[in-house]
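Participant: The sequence shown lines up with residues 15 to 634 when you count with our numbering.
Even glycine gets a Cβ: it sits at the ideal position worked out from N, Cα and C.
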Amino acid sequence: MPIKPPITDLPIKTADSGFYRGFTKDVTITAKLLVGGLIMWAIAFPDQAASVLGGLNTIILASFSYWYVYVMAFFVVLCFALALWPAAGRLKLGIESDKPEFSNFSWFSMMFGAGIGIGMLTFATAEPMYHFGSNPATIQGLTEGSTAGNVRDAYVWSFTHWGLAAWASYAIVGLALAFFSYRRGLPLTIRSALTPIFGKSLSGPVGHVVDIVAVVATVLGVAQTLGFGVEQFVSGLVRIGVGDWLQTTAADGSVSSSTAGIIVALVVIMGASTMSALSGVGKGIKWLSNINMGLSFFILIFFLVFGSTFFGLTTLFVGIWDYLVSIPGNILTVWAPTTMDTFSATVPAAVQSLPAEDLSTIYGSATSPWGSLQSFTEGLPASAASLPAADIAATYAAATDSRLSGWQGAWTIFYWAWWIAFAPFVGVFLARISKGRTIREYVLGAMIIPAVMCFVWFALVGGTAIDLELSGVADGAIAGAGQSDQLFAMLAVMLSDGMAYVMSVIVVVLLLTYLVTSADSAVLIINTINAAGDEGPKARPHILFWGAALAFVVGGLIIAGGLGAIQTAMVIGALPFSFVMVLMGLALVKAIWRDGRREAHGLATTHIDDETGGAAAPAE
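1. If you count every other CB in all the chains shown that lies within 10 Å of the CB of Asn118, and 16 or more means buried, which is it?
2. Specify the secondary structure class of Ala29 as computed by DSSP and reduced to three states.
3. Pairs of beta-carbons, one from the segment 460-480 and one from the segment 315-327, closer than 8 Å: are there three or more?
4. Mind the definition here: the segment 334-341 touches the segment 171-178 only if three or more C-beta pairs lie below 8 Å; say whether that holds.
5. For the segment 221-237 against the segment 197-210, do three or more pairs of beta-carbon atoms, one drawn from each stretch, fall closer than 8 Å, so that the two count as touching?
6. Can you tell me whether Ala352 is helix, strand or coil according to DSSP?
7. From Val295 to Gly393, what distance separates their C-alpha atoms?
8. Would the segment 180-187 and the segment 435-452 be scored as touching if the rule is three or more Cβ pairs under 8 Å?
9. Does Lys18 come out as helix, strand or coil in the three-state DSSP assignment?
10. Three Cβ pairs or more, each shorter than 8 Å: is that satisfied between the segment 234-245 and the segment 529-537?
11. State yes or no: is the C-beta of Asp40 nearer than 8 Å to some heavy atom of the ligand NAP?
12. Report the partner residues of Thr263 according to the DSSP bridge assignment.
13. Between Gly496, Pro395, Asp609, which lies nearest to Lys106 when the distance is taken from Cα to Cα?
14. Give, in chain order, every unbroken run of the alpha helix (DSSP H) that is at least 4 residues long and sits entirely within the segment 576-605.
15. Could you pull out every residue in the same chain whose Cβ sits closer than 7 Å to the Cβ of Gln500, ignoring the five residues on either side in sequence?
16. Going by beta-carbon coordinates alone, are Gly570 and Met54 separated by less than 9 Å?
17. Using beta-carbon positions only, say whether Trp181 and His145 come within less than 9 Å of one another.
18. Out of Ala286, Leu373, Phe122, Thr239, point me to the one whose CA is closest to Phe137's CA.
19. Does Lys106 come out as helix, strand or coil in the three-state DSSP assignment?
20. Are the segment 312-319 and the segment 504-523 touching, with three or more C-beta to C-beta distances below 8 Å?
21. How about Trp430 and Ser183: are their beta carbons less than 9 Å apart?
22. Going along the chain, which residues of its own chain have a beta-carbon closer than 6 Å to the beta-carbon of Phe436, five neighbours each way excluded?
23. Just list the residues that DSSP pairs Thr452 with in beta bridges.
24. Is it buried or exposed for Tyr84, if we count other Cβ within 10 angstroms and need 16 for buried?
25. Please list, in chain order, all residues of the same chain as Gly129 whose beta carbon is under 6 Å from its beta carbon, the five residues on each side excluded.
26. In this structure, how does DSSP classify Ala631 when only helix, strand and coil are distinguished?
27. According to the neighbour-count rule (16 or more other Cβ atoms, all chains shown, within 10 Å of its Cβ), is Ala45 buried or exposed?
28. Counting along the chain, where does the alpha helix (DSSP H) carrying Gly420 start and finish?
29. Is it true that the segment 55-65 meets the segment 245-262, where meeting means three or more beta-carbon pairs spaced less than 8 Å apart?
30. If distances are taken between C-alpha atoms only, which option among Gly494, Val596, Asn344, Arg611 comes closest to Gly267?
31. In the structure shown, what three-state DSSP assignment does Arg35 receive?
32. Would you report the Cα separation of Ser287 and Trp560, rounded to the nearest angstrom?
33. For Gly129, does the three-state DSSP call read helix, strand or coil?
34. Only counting runs of 4 or more residues, tell me where the alpha helix (DSSP H) segments fall wholly within the segment 423-488, in order along the chain.
35. Using CA atoms only, rank isn't needed, just tell me which of Ser416, Asn164, Pro19 is closest to Thr352.
36. Alpha carbon to alpha carbon, how far is Gly50 from Pro551? Give it in angstroms, no decimals.
Shown next as structure tokens:
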């Protein structure tokens, strides 16, 4: 059976004139209508939008938890397999004469800033602090929350969520795109990575659907990042004295950004990001990425010198070991919720005999992932108040799997969906800046090194926060602060008022550069996908549109239901693209295997024959 040459030409029809000149109108207009419809729906009918999105999110979490967990495990295994596979690892993302466009420092800076920087800045303090109080080990009664014995479990889960799995999802998309773009000469757009499976049919509607799914996922994934970033940016502005009007305080004492605060933050962030995107990757984005990387290292050095250094370094090395040992279990385990029937059948007889209404109330309380045994006991209905302590404990234990499932849905599944939704944006961006590197070099640079940097940040910054709480110095000031304010609260505990102010200003500047870098990179990538992989001056009006659209998506969904509404929309948007990502991984393996056979027969495997300089033969 003859070996067919690879596809090196994928024509994608773009407009020859008019406002959409150079763009695939079917993709661009459809994506704009979908995103615009979401914005108008969220603003005009916020209650309905919140209700519908919440319902869909519940269905997805109930039906696709296994899918999200196993898909992320697949990406991790595949990335390592490709790097270690001799026939794949040595392959260059381009022809043999191609050299990397950017220095290693600039490459890493852009990759890190666009991929995970802003989220890490928010969660490096907040996530270890939260897991320090509650995690699967505390839910199972293996450790006690907010004690020294719970530190290791807190970091196992922090590293799990921000480690290899996150970067593997980015890496596999970027690797597939870079392979097919620079070795095949195909457009730098999502559909190109599926050519070994769907062939030239991707020039038509099938390819359009793939790119539309990628654009919508990108918008929602970046909106999630911007939502967290806006909340922390506003908290920082309040800390440095811009004004308390940027926040509101609810009746229960919780603090959140005011409408005015959200508007101000979005105008500043999206205005700056749009101008940066207009300047392109090699100018504004590169410049801002180098700045935020420099500031990031400054803050890390600050915590290394003035923070809980020994505690943080111990946490780092012990945490990495615990994380590596836990990988098989943590990335493959899926907890299923406990049904009412199962719960009723397993609780003690004294509980089974209670009125149906009271039993339902007990079930709801026992299955809540946020409730402790103490809060469960205190909230029992009057008919159950006199139950023996052993029966109460057994009733609470009967719903352990359900609490674990709820925790996993709120944390792990949320993160997996977030990384998947972010993957088309970060993947295209990684491909854009990685031409000339080998697959092995790419995997090391795009997966392992950023993960280790996240671990260092979490250990030094989050470890200092935990140590201050354990020692009693913080006296609950950090743990009691809102998620977006915990970093600033820690600085206030550590430093004098004057030094805390200076460091808060530096953090606010870093937040702004991270937010701008993430947003401008996303806008640029959205237009690249819409323009069939092309990037140029013709994109300027569309850059303005997508910059405004991102701002309105964030603002509209926050109006509809706060950060929770953005989260639910993002989880929904990530699901279709997760299927695309699996196909991209399989297509890449198929292409590399076929290239091995082609090389064995002396056939060209790139769009340019490196020895002769001639074009490869067209595919059948």
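Facilitator: Here's the rundown:
1. Counting from one through the sequence shown, the residue named residue 118 turns up at place 104. With fewer than 16 other Cβ atoms within 10 Å, it is exposed.
2. For the purposes of this step, residue 29 is taken as the residue at position 15 of the sequence shown. Note: Ala29 maps to strand in three-state DSSP.
3. Enough Cβ pairs lie closer than 8 Å, so yes.
4. Touching, yes, given that three or more Cβ pairs across the two stretches are closer than 8 Å.
5. Enough Cβ pairs lie closer than 8 Å, so yes.
6. Start at 1 with the first residue of the sequence shown, and residue 352 comes out as number 338. The sequence given here places Thr at residue 352; Ala does not occur at that position. Judged by DSSP in its simplified three-state form, Thr352 adopts coil rather than helix or strand.
7. On the sequence shown, residue 295 is found 281 positions in, with the first residue counted as 1. On the sequence shown, residue 393 is found 379 positions in, with the first residue counted as 1. Residue placement at Val295 cannot be trusted, given a pLDDT of 49 that sits under 50; the coordinates are not used to answer.
8. They touch, by the three-pair rule.
9. Translated into the one-based positions of the sequence shown, residue 18 becomes position 4. Coil.
10. Output reads yes: the segment 529-537 touches the segment 234-245.
11. Looking for the ligand NAP in the displayed structure turns up nothing, as the structure carries no ligands at all.
12. By 1-based counting over the sequence shown, the position of residue 263 is 249. Its beta-bridge partners are Val269.
13. Here residue 106 is taken as the residue at index 92 of the sequence shown, counted from 1. Taking only the C-alpha atoms, the option nearest Lys106 is Asp609.
14. None, since the segment 576-605 contains no complete alpha helix (DSSP H) of that length.
15. Stepping through the sequence shown from its first residue, residue 500 is reached at position 486. The answer, listed in chain order, is Thr139, Ala140, Met143, Ala479, Ile492.
16. Residue numbering aside, residue 570 sits at position 556 when the sequence shown is read from its first letter. Residue numbering aside, residue 54 sits at position 40 when the sequence shown is read from its first letter. At a Cβ-Cβ threshold of 9 Å, Gly570 and Met54 count as neighbours.
17. As a position in the sequence shown, residue 181 is number 167, starting the count at 1. As a position in the sequence shown, residue 145 is number 131, starting the count at 1. Contact: no.
18. Position 123 of the sequence shown, counting from 1, holds the residue named residue 137. Considering only alpha carbons, the answer is Thr239.
19. As a working note, residue 106 is residue 92 in the sequence shown. Lys106 falls in the strand class under three-state DSSP.
20. Counting C-beta pairs closer than 8 Å gives three or more between the segment 312-319 and the segment 504-523, which meets the contact rule.
21. As a first step, residue 430 must be located in the sequence shown, where it is residue number 416. As a first step, residue 183 must be located in the sequence shown, where it is residue number 169. In this structure, Ser183 lies closer than 9 Å to Trp430 by Cβ.
22. Position 422 of the sequence shown holds residue 436. Only Gly235 meet the Cβ criterion.
23. If you number the sequence shown from 1, residue 452 lands on position 438. Per DSSP, Lys106.
24. Indexing the sequence shown from 1 puts residue 84 at position 70. Classification of Tyr84: exposed, given that the 10 Å Cβ count is below 16.
25. Your numbering for residue 129 matches position 115 in the sequence shown. Confidence at Gly129 is low in this model, with a pLDDT of 48, below 50, so its placement is unreliable and the value that follows should be read with caution. For Gly129, the CB contacts under 6 Å within the same chain, skipping 5 residues up- and downstream, are Tyr184, Val440 in chain order.
26. For the purposes of this step, residue 631 is taken as the residue at position 617 of the sequence shown. Because the pLDDT of Ala631 is 38, which lies under 50, any placement of that residue in the model is unreliable, and the number read from its coordinates should be weighed accordingly. Correct three-state label for Ala631: coil.
27. In the sequence shown, the residue the question calls residue 45 occupies position 31. Classification of Ala45: buried, given that the 10 Å Cβ count is 16 or more.
28. Position 406 of the sequence shown, counted from the first residue, corresponds to residue 420. Looking at the DSSP string, the run of the alpha helix (DSSP H) that includes Gly420 is 414-422.
29. These segments do not touch.
30. For the purposes of this step, residue 267 is identified with residue 253 of the sequence shown, where counting begins at 1. Considering only alpha carbons, the answer is Gly494.
31. The residue labelled residue 35 in the question sits at position 21 within the sequence shown. The answer is strand: DSSP assigns Arg35 an E or B state.
32. Taking the sequence shown and counting its residues from 1, the one referred to as residue 287 is at position 273. Taking the sequence shown and counting its residues from 1, the one referred to as residue 560 is at position 546. Going by the C-alpha atoms only, they are around 11 Å apart.
33. Your numbering for residue 129 matches position 115 in the sequence shown. Confidence at Gly129 is low in this model, with a pLDDT of 48, below 50, so its placement is unreliable and the value that follows should be read with caution. Helix, per DSSP.
34. If one requires a minimum length of 4 residues, the alpha helix (DSSP H) runs lying completely within the segment 423-488 are 428-446, 453-457, 463-471, 477-484, in chain order.
35. The residue given as residue 352 occupies position 338 in the sequence shown. Comparing Cα-Cα distances from Thr352 to each of Ser416, Asn164, Pro19, the minimum goes to Ser416.
36. Translated into positions along the sequence shown, residue 551 becomes position 537. Translated into positions along the sequence shown, residue 50 becomes position 36. Residue placement at Pro551 is poorly supported in this model, since its pLDDT is 48, which falls under 50; the coordinates are not used for a value here.
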